[in-house]
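So the structure is just underneath, and the comments pick up after that.
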Ligand code: T68
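Residue numbers (full-length UniProt numbering): 29 to 861.
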């Protein structure tokens, strides 16, 4: 129903494109040398690698800038409706390679740098990735803005320019330690600051009522303090289509009024201290990915970026004298989880208090302008703000929320007379454990649509998380299954496989039309194609081994199965279940149950950050590292089992790990992982999945076929039943001798120099509670791993399965996700001119 995006210059640079100054090697060299000499003020001979990286980036971005301005001009001319994506996180990954790909400049740049005696590979490595997100949610936002640009759909991404992104992880004695991520320390050639367009955001104070000049009773907010938001613009290039959209990240600084007040009072030092206070708001990304702590600074961050973004839309993006009654024709604010939900009362405040609109008119507009995406099923991840804190920081917003709730509850009362329980269940305000605002409810009530991020998730969201609301508004609820951008996650990250696909399909059209991978299906039966496919995978393993050797001093065999589990460390994702499998294989060798020669050689690769305050997650990291150390150094296993846990898993490392994987571990407890997106990246890159019936795994399995997916474990209803019956992990342990031997080996101190207490917290967590039923799924997991081994023993058949995974993963392109959002929620056509 939506035209699929087509690149205008599929091959690369078009010499006739007047919008780009650089087409030839000579033009590149000139552009680069200008940036180096006049931008950095250094000669080539005296330039540092950082000078060269920045000059290179600025030369490359020249080819995007005219396109950027034209894109904006077209959107304005066409009065196009645009998506304003509100997200507290964007996990972008490195920018240089993506810009080279989008502009088709890679070959010219490589040749030019070569002529200057420089290496593109070395300069690439100079870039620190912008880690402005925790994991899946932030990476999803980055994929979505990429797809919208590539599809010529008007979009502006709004977020926060954190001075420190997600922490840099190191291991000390196997224990996670966090270091600050100083990603801006060496300068950032990809951002365009506009301090002259700073907007003011208010906080605190009180409200008062007054009578306006038409005799109406109104309310106004008398805030106590304010900060300024400075916009930093980033280019979001479409893939070879001449479009460049905008990502606008806000940075906080003190207002001048604020300064003057204090400076005039003569307290210079206090005035400077106050500036620091203001700047704190955008200082650091909260590293909690699923248990929001209700911290005041976090609420400040949320309101800060949302208030800046709404003001920007109303004052700068829309034409002067725009009739706000038509706002829904021009913009849809997509709420990426509840973090930006305070935008709802903010828009009401702007329309009612500042623009003088009647409540009902403002509410009708607001309801059309917002839509809400939920990313979780964990109850502890559903954000609530205490009324006390909200009232202190945003008193007017709290009043507005109360009024929204009051009107809504009147409606509910009329629909279900006498049902006080339902009323209390559906109220935005809850009294337990303290009086607070349920942000997901506010978003559901105000939003035009509510969506989950995979089919199963959307179903559970409707039936388990928001059942009263879905019964009341069945049409409000929809699903949009997540996706990943094929530009970054195959074309850039897996050049070997991309070349093979392009050769086989005859052109590069698949990069923007990923369903075309279906054309690979017949080749899955061609032994010559399988051989080439295996060669690509083998080369990717070599590359990864090389990277890990220099990056982490890790030695990795390259002729073994790569079994990979990379994602945030969380109990529900069950890294411990993976670990129990590894320890089981090892225990079977130690105890002589299995001869070493009969163990299939494997390298187990982990990547995971734990929230700094999440004790048990950090203990699990330490245990993985301890097991790795013991296993890797044990001559008895003869290098058949290798455990590698490179620190600081991030987008850059993902781009290396995923293309090298044979087996993708997606083993969350059924009903807990909303979607997963790593699962899609692995399948697209030709890894087979071992996974539970959870999140998007369900759809992956349906598409790739049962024969090409290793399913195991309880289904969601079984999980519920098991818990309802009174789950006892100890009895599972006692009734499974192999599980007992495995856990006992850990408890014996085998991996902790004889210290039996060292991993007691993990053991007692598993035996005592095992909230996510790892032990209950252990036997099924081992059995599935045996199926994996049997399949891997037949390389030709394994390749066939892997190729079919690639061929059938086109659905998981974020371009398709965008089509679904556009059809079901946004109704934003592409610009045409
Ligand atoms: C993830 N959520 C889901 N949250 O866990 C994953 N949370 O299943 C899904 O695929 C992905 O979202 C995209 O939809 C997150 O990543 C967070 O990072 C987060 C951050 C702050 C507060 C709460």
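Even for Gly, the Cβ is constructed at its ideal location relative to N, Cα and C.
For residue i, the residue or residues it bridges with in DSSP
{"i": "residue 308", "result": "Answer is none; residue 308 lacks a bridge partner."}
{"i": "residue 265", "result": "272"}
{"i": "residue 692", "result": "592 and 717"}
{"i": "residue 334", "result": "Paired residues: none, contrary to the question."}
{"i": "residue 364", "result": "401"}
{"i": "residue 231", "result": "253"}
{"i": "residue 840", "result": "In the DSSP output, where bridge partners are listed per residue, residue 840 has none listed."}
{"i": "residue 480", "result": "507"}
{"i": "residue 236", "result": "248"}
Residue i CB to nearest heavy atom of the ligand T68 below 6 Å
{"i": "residue 825", "result": "no"}
{"i": "residue 317", "result": "yes"}
{"i": "residue 510", "result": "yes"}
{"i": "residue 403", "result": "yes"}
{"i": "residue 322", "result": "no"}
{"i": "residue 717", "result": "no"}
{"i": "residue 58", "result": "no"}
{"i": "residue 699", "result": "no"}
{"i": "residue 812", "result": "no"}
{"i": "residue 703", "result": "yes"}
{"i": "residue 484", "result": "no"}
{"i": "residue 714", "result": "no"}
{"i": "residue 91", "result": "no"}
{"i": "residue 162", "result": "yes"}
{"i": "residue 168", "result": "yes"}
{"i": "residue 165", "result": "yes"}
Contact under 7 Å by Cβ, residue i with residue j
{"i": "residue 339", "j": "residue 415", "result": "no"}
{"i": "residue 713", "j": "residue 695", "result": "no"}
{"i": "residue 512", "j": "residue 708", "result": "yes"}
{"i": "residue 169", "j": "residue 115", "result": "yes"}
{"i": "residue 509", "j": "residue 482", "result": "yes"}
{"i": "residue 474", "j": "residue 592", "result": "no"}
{"i": "residue 525", "j": "residue 835", "result": "no"}
{"i": "residue 663", "j": "residue 580", "result": "no"}
{"i": "residue 117", "j": "residue 161", "result": "yes"}
{"i": "residue 652", "j": "residue 607", "result": "yes"}
{"i": "residue 610", "j": "residue 665", "result": "no"}
{"i": "residue 453", "j": "residue 491", "result": "no"}
{"i": "residue 219", "j": "residue 262", "result": "yes"}
{"i": "residue 213", "j": "residue 258", "result": "no"}
{"i": "residue 859", "j": "residue 353", "result": "no"}
{"i": "residue 229", "j": "residue 335", "result": "yes"}
{"i": "residue 875", "j": "residue 698", "result": "The structure shown does not extend to residue 875, since the chain spans only 29 to 861, so no value can be given for it."}
Classification of residue i by the beta-carbon crowding that lies within 10 angstroms, buried from 16 upward
{"i": "residue 368", "result": "buried"}
{"i": "residue 461", "result": "exposed"}
{"i": "residue 661", "result": "exposed"}
{"i": "residue 207", "result": "exposed"}
{"i": "residue 97", "result": "exposed"}
{"i": "residue 56", "result": "buried"}
{"i": "residue 31", "result": "Only weak support is given to the placement of residue 31: the predicted model assigns it a pLDDT of 44, under 50, and the value that follows is read from those uncertain coordinates. When all chains shown are included, residue 31 counts as exposed."}
{"i": "residue 806", "result": "buried"}
{"i": "residue 66", "result": "exposed"}
{"i": "residue 33", "result": "Only weak support is given to the placement of residue 33: the predicted model assigns it a pLDDT of 48, under 50, and the value that follows is read from those uncertain coordinates. Flag for residue 33 reads buried."}
heavy atom of the ligand NAP below 6 Å from residue i C-beta
{"i": "residue 481", "result": "The model depicted lacks the ligand NAP and carries the ligand T68 instead."}
Reduced DSSP category for residue i - H, G, I as helix; E, B as strand; rest coil
{"i": "residue 531", "result": "helix"}
{"i": "residue 221", "result": "strand"}
{"i": "residue 627", "result": "coil"}
{"i": "residue 38", "result": "Reliability of the predicted coordinates at residue 38 is poor, the pLDDT of 49 falling under 50, and no value is obtained from them."}
{"i": "residue 317", "result": "coil"}
{"i": "residue 861", "result": "coil"}
{"i": "residue 194", "result": "coil"}
{"i": "residue 765", "result": "helix"}
{"i": "residue 616", "result": "helix"}
{"i": "residue 414", "result": "strand"}
{"i": "residue 670", "result": "strand"}
{"i": "residue 676", "result": "coil"}
{"i": "residue 254", "result": "strand"}
{"i": "residue 211", "result": "coil"}
{"i": "residue 156", "result": "coil"}
{"i": "residue 110", "result": "strand"}
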